[in-house]
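One structure below.
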Amino acid sequence: MRFFDTHTHCEFSPDGRMTMEEAVSAATRLGLGGIAFTDHFDIDAPGDNDHFSFDPAEHQQKIDSLREKSSIGIFKGIELGLQPTALESAKKAVALFEFDTIIASVHFIDGIDPYHGDYYGGRGEIAAYSRYLETIYECISNYTNFDILGHFDYIVRYSPYRDKCLSMKRYGDYLEPVLKQLAYNGQALEINTNTYRTRNGMTPVLDEAVYKRFRELGGEFVTLGSDAHETYRIAEGLSELPPMLYRCGFRYLTHFEKRTARCEKIELT
Ligand SMILES: [Zn+2]
Ligand SMILES: [Zn+2]
Numbered sequence: 005m006r007f008f009d010t011h012t013h014c015e016f017s018p019d020g021r022m023t024m025e026e027a028v029s030a031a032t033r034l035g036l037g038g039i040a041f042t043d044h045f046d047i048d049a050p051g052d053n054d055h056f057s058f059d060p061a062e063h064q065q066k067i068d069s070l071r072e073k074s075s076i077g078i079f080k081g082i083e084l085g086l087q088p089t090a091l092e093s094a095k096k097a098v099a100l101f102e103f104d105t106i107i108a109s110v111h112f113i114d115g116i117d118p119y120h121g122d123y124y125g126g127r128g129e130i131a132a133y134s135r136y137l138e139t140i141y142e143c144i145s146n147y148t149n150f151d152i153l154g155h156f157d158y159i160v161r162y163s164p165y166r167d168k169c170l171s172m173k174r175y176g177d178y179l180e181p182v183l184k185q186l187a188y189n190g191q192a193l194e195i196n197t198n199t200y201r202t203r204n205g206m207t208p209v210l211d212e213a214v215y216k217r218f219r220e221l222g223g224e225f226v227t228l229g230s231d232a233h234e235t236y237r238i239a240e241g242l243s244e245l246p247p248m249l250y251r252c253g254f255r256y257l258t259h260f261e262k263r264t265a266r267c268e269k270i271e272l273t
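The following block contains the structure:
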């Protein structure tokens with residue numbers, strides 16, 4: 005079966021450490037069906053994050069020229085950072101361009117970047133994690149122009165707590181409305197393999213029950229994204245996921261072209 009890496013960052017992201025050309029070459033070598041460039045676009049980002057955006061016109065022009073000589077799919081994407089206070093601006097910014105795929109992600113909570121650790125100070129783990137899920141729900145209830153919810157458990161990546169899993173068991177009350185909303189709108193739930201890397205000696209865990217519940221609620225689409233910022237991480241961990249998704253009841257993997265879900269049948273070897 006063919007894999008598509010639906011979430012990557014190139015030189016159009018300030019933290020991207022590969023060019024589009026390098027990424028396409030790597031993806032071709034890996035035998036992928038295609039790669040989506042979903043560079044950061046965060047509106048009203050707090051602190052020193054205000055440069056996390058790019059010019060979609062330039063981005064798309066470059067993709068058009070690379071497509072002419074590529075044998076794999078190259079998709080025009082964006083990782084749109086949502087905050088409850090900037091949803092109107094997000095609507096306007098995205099409406100100006102035609103993307104293949106829009107990932108909606110939450111990177112900031114109550115104006116704080118959890119990457120730097122300040123967010124966790126004084127909050128218990130349950131409060132810190134559940135506030136993140138509440139923020140996702142608030143954003144996706146009021147902003148629906150996207151295809152994929154990015155890294156629903158991003159908050160565990162940089163957290164100092166020992167429990168690094170947004171499990172259905174502990175956070176079901178907060179996850180359930182998010183999953184229902186995505187299922188209802190025919191939007192995809194991503195598996196972002198970058199989240200489950202070891203950082204500071206701790207390794208976050210993906211809870212299979214979240215995807216099982218998503219399926220039970222009528223969710224149809226799951227996308228796999230490496231969130232690679234460098235070539236050697238492209239497609240990292242993607243090929244390990246089909247058996248788990250099959251157990252959860254999914255029979256297809258999804259990627260988006262022209263904002264339309266394209267499905268690849270899961271084949272277990
Ligand atoms: Zn992200
Ligand atoms: Zn990303």
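For the sequence shown, my numbering begins at 5 and goes up steadily by one. Backbone N, C-alpha and C define an ideal beta-carbon position, used for all residues, glycine too.
May I ask you to report which of helix, strand or coil DSSP gives residue i?
| i | result |
| --- | --- |
| Asp157 | coil |
| His63 | helix |
| Arg201 | coil |
| Asp68 | helix |
| Asn196 | strand |
| Met206 | strand |
| Ser230 | coil |
| Arg174 | helix |
| Ser109 | strand |
| Phe254 | coil |
| Lys216 | helix |
| Ala40 | strand |
| Ile130 | helix |
| Ile47 | coil |
| Lys269 | strand |
Just confirm the distance between the C-beta atoms of residue i and residue j, as a whole number of angstroms; I'd bet it's less than 8 Å.
| i | j | result |
| --- | --- | --- |
| Phe79 | Ser243 | No, Phe79 and Ser243 are not in contact; Cβ-Cβ is about 19 Å, not under 8 Å. |
| His63 | Phe112 | With 8 Å as the limit, His63 and Phe112 do not qualify as a contact, their Cβ atoms being about 22 Å apart. |
| Gly229 | His11 | 3 Å |
| Met22 | Cys14 | 6 Å |
| Ile144 | Ala108 | 6 Å |
| Ile159 | Ala192 | Actually they are not in contact, since the Cβ atoms of Ile159 and Ala192 sit about 20 Å apart, beyond 8 Å. |
Considering only C-alpha positions, which residue in the set the options is nearest to residue i?
| i | options | result |
| --- | --- | --- |
| Ser29 | Thr105, His259, Ala239 and Thr273 | Ala239 |
| Glu25 | Ser163, Leu70, Ser75 and Asp211 | Leu70 |
| Phe41 | Arg266, Ala265 and Phe260 | Phe260 |
| Ala251 | Tyr236, Arg263, Glu220 and Ala232 | Note that residue 251 is Arg in the sequence shown, not Ala. The option with the nearest alpha carbon to Arg251 is Glu220. |
| Met206 | Ile159, Tyr165, Glu92 and Ala31 | Tyr165 |
| Phe156 | Asp231, Asp19 and Gly35 | Asp231 |
| Gly20 | Thr32, His55, Leu36 and Val214 | His55 |
Subject >> For ligand 1, residues whose Cβ lies under 6 Å from any non-hydrogen atom >> reply: Every residue with a CB closer than 6 Å to a heavy atom of ligand 1 is listed here in chain order: Glu83, Ser109, His111, Gly154 and His155.
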